[in-house]
Structures are given as C-alpha cells and as structure tokens.
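This report concerns only the one structure given below.
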Amino acid sequence: MPFEDKDHYNRMHLGELQSANQAELDRLAKEHPGWTDGQPDTPNPSSPGFHEWKTQWDNANKTRQGYEQVQRALESPDGLQRYLGVIDDQGHAAVSINNPDTATRNGTFVPGTGQDLSRLEFSTSKSEAMLQATLEADRNLKVEDVSMTTWMGYDRPMSILTDAPSPSFAHDGAAALDDFQAGMRASHDLAAGPSVNTVIGHSYGSTLVGAAGLDGHLDANNVVAVGSPGILADHATDLSLAPGANVFASRAENDLIGVATYATLGPDPMGAGFGAIPFEAAPGAAGPFGTPTIDAHSSYWSPSNPALLNMGRIIAGRTDVTPPTFTP
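Sequential numbering of the sequence shown, starting at 1, is according to full-length UniProt numbering.
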C-alpha cells in the first residue's frame, strides 16, 4: 500500500484510538472520582481495588501520552510532510519525514530499550538530525529526495536489567520490520524505481535489526548498528539483506554498552572479525576515572559528532566513512 494511503487510514485510526482511550479514562474517573489524583479517597491506603484501579489508570494515561506524542510527531514545523505508516493500540507506531515512496534515499531508524511512545520525540529528533546529515553528505540531493522513518513497530524491552539481555524481544519483532521494509520497497519501486534503503538500529534496536536479517530477509542496502550490544549474528555475512548490501557499526569509546557486548546478544559488531565496516564516533562523556557512561550511549546524534556525519553519508549511499579512533 502506498504511504499516502497508509497515512490517510492510520490518521483516521489514530483518532479512533484516542477516542477509545479517552472513554477508558472517563470510565475509570467515574468509577472512583476521588482516586484520580493517585490517592485513595479513604485514610486506608489499602482500599479494596485501589491498586488494580491505579494500574489501569496509569496505563491509560501512559497510552494517552503516547498518542499525543504521535499526534505531535505528525506536525510539520519544518514544512516537511509527515506520514503515519504504523499505529495500533499495542504501543507501536512509525512516522516518516517526507514520502518514502518518492524519496531516492530512505532511512529507517529503530530505537531500543526504554523507548515507549510517550518518549517518541527523543527518537523522531534523531531521525530529523539524520535527514539533515544526509542532505549535507550529498549536496545534489533535494530535501524531498530523502525520507527518514522512526520505526517503533515492535515491543521494545523496557528494563535494562531484566529485559534488554534477552534476545526474545528481537526475535518476536523481527518479522514486523521485515514486512515494513518489504512494503516500502514494493510501493517505492512501483512509484519511482529503486531507492537506497538504510536501516539504522540504536542499542537494542540494532539487535532487532540483526534478528530481522537472521530470522527472515531484511530488504536493506545498508544496515547500521550504533551503540550495539550485539546483533545476534556471528558475522555480518550471516544477515540476509539486499544483494551487495553493506553492514556498518559504530560505538563511542565511553559508551556503557561496551560492557554488554559478547554477552547474551552476540559478538561486538565493532570487532575486527565481525565483518562490518566500522566508523568513527565522538568518544562521549566519561565518568569518574574514565569510566563509561550512559550519556555517551545517546551522544551519536549530537551536532558535529562524526557518527552523525557518517550516518548521513551512509544514508546518502556513500561508503567513505571515517574510521574509528579507538580499538574496541
């Protein structure tokens, strides 16, 4: 289905989902008007049913916040059209900047652990930065030639400690990414011929991307693993990708994720024997005595970071990335 049609019907569905969510909030508020401030309306904090009601109330409000984030992501303050490619009541969404069907360079960004829809803006801002970096990497590209999609079409792990070490989230969501990329290829080829399609996974998002290439076929000309704990594959050539595809990897020297590689999610994609093309990233902030930090883990999209510049080159279809300045 063309993205213009997806956008039309998904925007309608978003309105339906918001109405259903508001009805649920109204029902819960009517049940216990005195509990909507988060406190039971009796002196006893163990009022019968309070904790069950509070869980439902909090979940419904979190869902409302997610839908509001999607609605906000569809606005176009920069004048570039947004397209809603995925939306459902399970916390899944995909928002594209510019039309993937007519762009000659398509990027799909897959966020990782802890990124629910209520935090969508933190991921869409990264997609906006990558679109600009792509235009800077190839000055012959017009703005409408580049499309960036923030894809949150899988159940992301929410806990770093209990969820993120498990490959199950990646395997469970792999087919959805395969289907999305295959659909993007099919509707684009029909409209405007082949495009250069790049899939960028950050953190656990790279693990999902790896599972998509292992468990099925991921239709991508480039795969990029950024700040990756592992992509489940033993070697880059294990991934089923478009013919002639390249696999790239980058990690900040002070990224805390480095301690998780070679654990439960596969070898380090930056490793010399993995077969990916490594590229430079700024080292990121270090902690006391040079210890790695979580701040470095999210630093790849900072302005002038070599990682952002290199991702722009890759999405533009270039392979001349700058090499890393440290050996993992």
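Note that the Cβ used here is the ideal one computed from N, Cα and C, for glycine as well.
By the 10 Å Cβ neighbour count, where 16 or more other Cβ atoms means buried, how is F274 classified, buried or exposed? buried
Let me make sure I understand the geometry here. Which of G91, V259, A137 has the alpha-carbon closest to that of P306? A137
Return the residue from the list A316, T322, S76, G227 that minimises the CA-CA distance to W301. G227
Taking Cβ positions, are P278 and A249 nearer each other than 7 angstroms? yes
Reducing DSSP to helix, strand and coil, say where G317 ends up. coil
Give the secondary structure of R105 by DSSP, where H, G and I count as helix, E and B as strand, and everything else as coil. strand
Measuring alpha carbon to alpha carbon, tell me which of S76, P303, I97, G66 ends up nearest L120. G66
Identify the residues that DSSP records as bridge partners of L84: which are they? V95
Using C-beta distances below 6 angstroms, list every residue in its chain close to L141, excluding the 5 sequence neighbours before and after it, in chain order. L135
Identify the continuous alpha helix (DSSP H) that holds F3 and give its terminal residues. 3-31
Kindly identify the DSSP beta-bridge partner or partners of I277. F248
Q132 versus T36 - alpha carbon distance: 43 angstroms
Compute the beta-carbon to beta-carbon distance between I231 and G266, rounded to the nearest angstrom, for a pair I have assumed lies under 8 angstroms. 6 angstroms
CB P229 to CB A260, shorter than 7 angstroms? yes
DSSP three-state label for M270, please. coil
Would you report the Cα separation of S118 and D78, rounded to the nearest angstrom? 22 angstroms
Return the CA-CA distance between A242 and V199, expressed in angstroms with no decimal places. 12 angstroms
Looking only at its own chain, which residues have a Cβ that is under 7 angstroms from the Cβ of Q56, when we skip the five neighbours before and after it? L28
Between the C-alpha atoms of N99 and F50, what's the straight-line distance to the nearest angstrom? 47 angstroms
Proximity to G284 [Cα-Cα], best of M152, P167, G290, N254: N254
When the Cβ atoms of the region 181-192 are set against those of the region 212-222, are three or more pairs found closer than 8 angstroms? yes
Taking the continuous alpha helix (DSSP H) assigned at S206, which residues delimit it? 204-215
Could you please give the first and the last residue of the uninterrupted alpha helix (DSSP H) stretch that includes W53? 50-73
Tell me whether the beta-carbon of S127 lies closer than 7 angstroms to the beta-carbon of M148. yes
Which complete beta strand (DSSP E) runs does the region 95-172 hold, if anything under 3 residues is left out? 105-110, 146-152
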